[in-house]
Amino acid sequence: MGRSLDLSVQSGGDSESRTQRTIEQGLTDRVCGGDEHALADLFAVHRPRLRKMVAFRMDNQLRGRVDPSDVLQEAFISLASRIDEFQEKNKTMSFFVWARLITTERLLKTHRRHITTQKRDARRELSIDRQLGSDATSMSIAAALLQPGTSVGGREIRNEQREALMKLLDEMDATDREVVALRVFEGLTNGEVAEVLGLTKQTASRKFIGAVQQLRTAMECVPGLSEQFLNE
1 MGRSLDLSVQ SGGDSESRTQ RTIEQGLTDR VCGGDEHALA DLFAVHRPRL RKMVAFRMDN
61 QLRGRVDPSD VLQEAFISLA SRIDEFQEKN KTMSFFVWAR LITTERLLKT HRRHITTQKR
121 DARRELSIDR QLGSDATSMS IAAALLQPGT SVGGREIRNE QREALMKLLD EMDATDREVV
181 ALRVFEGLTN GEVAEVLGLT KQTASRKFIG AVQQLRTAME CVPGLSEQFL NE
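In the working numbering, the protein residues as written are 1 to 232.
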């Protein structure tokens, strides 16, 4: 069985409550003042979403060997050592987007650290390039959609579906693909997506609507996917 995927496009603004934003702003102000306790509290607020991002972006070869919590711990240590950097960026970047950026850097370093300890061959090198390069988002989306088959036949079907889905995802515009990954799989708000990708909110929203339709079409083109994953 696969996971249920909701690709409905909901109208309206970001879902954060005013109370939540007020609390986060207060913590952010304290962080900018150098309060390390506030940094820990603010990181804890965003920890579930950062963990979701790490789990989504983590290479399959690392799953079971590296816990997302370990990556988050390293990310927090890095954040604490670079708090002065956020004090400078706070005018143009939200804390969550900054924390996500630092966490992504730690995840990439974790990938490279574990990969360099393994014996490499030509096929592994190609796999590494794809995992850390432009194909990474396509691979993450495909991995999130396709659960491993429990039987030999099931694994063969999943491999065929994965190859077909990867091909269709790679044909999407790179920014559109990222918009889908950020909104659907990481759970970012439209405003956060716009901030991460350097877009206006209107452009991010428009791209999301178009990209969702592209993903629906792509999944419908892969035998067996639409009835398993798409909520009508």
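Backbone N, C-alpha and C define an ideal beta-carbon position, used for all residues, glycine too. These numbers come from a predicted model, not from an experiment.
- The C-beta separation of F208 from I141 comes to about 14 Å, leaving the pair out of contact by the 8 Å criterion.
- Judged by DSSP secondary structure, D29 falls within the alpha helix (DSSP H) whose first and last residues are 18-32.
- Note on T217: under 16 other CB atoms within 10 angstroms of its CB, so exposed under the neighbour-count rule.
- Selection R49, T200, C221 evaluated against S69 yields R49 as nearest (Cα-Cα).
- For the 8 Å CB-CB criterion, L39 and A75 do not form a contact.
- S94: not part of any alpha helix (DSSP H); DSSP gives it neither H nor E.
- DSSP places N190 in the uninterrupted alpha helix (DSSP H) bounded by 190-197.
- Shown here for S205: same chain residues with a beta carbon closer than 6 Å to its own, the five before and five after excluded, namely N190 in chain order.
- Below 8 Å, enough C-beta pairs join the stretch 56-66 and the stretch 99-114 to call them touching: three or more.
- Setting aside the 5 residues that flank it on each side, W98 is surrounded in the same chain by F86, K89, each with a C-beta closer than 7 Å to its C-beta; the list follows chain order.
- In this structure, M139 is the residue among A55, V179, T92, M139 with its C-alpha nearest to the C-alpha of K167.
- Under a 10 Å Cβ-count criterion, H37 is classified as exposed, with fewer than 16 other Cβ atoms of the shown protein chains found around its own Cβ.
- About 6 Å separates the beta carbons of R100 and M53, which is inside the 8 Å limit, making them a contact pair.
- Secondary structure of T110 (DSSP, three-state): helix.
- Contact between R162 and L169 fails: their C-beta atoms lie close to 10 Å from each other, not under 8 Å.
- Within 10 angstroms of the beta-carbon of E171 lie fewer than 16 other beta-carbons, which makes it exposed.
- For T28, the number of other beta carbons within 10 angstroms of its own is at least 16, and it is reported as buried.
- Residue burial is scored here from C-beta neighbours: C221 has fewer than 16 other C-beta atoms within 10 angstroms and is therefore classed as exposed.
- Boundaries for E186: no alpha helix (DSSP H) harbours it, and the DSSP string shows neither H nor E there.
- Boundaries of the alpha helix (DSSP H) around P48: 36-57.
- Separation of V66 and L72 (C-alpha to C-alpha, rounded to the nearest whole angstrom) is 11 Å.
- DSSP places G210 in the uninterrupted alpha helix (DSSP H) bounded by 201-220.
- Membership of E171 in any alpha helix (DSSP H) is not indicated, and neither H nor E is assigned to it by DSSP.
- Rounded to the nearest whole angstrom, the C-alpha separation of R183 and H46 is 16 Å.
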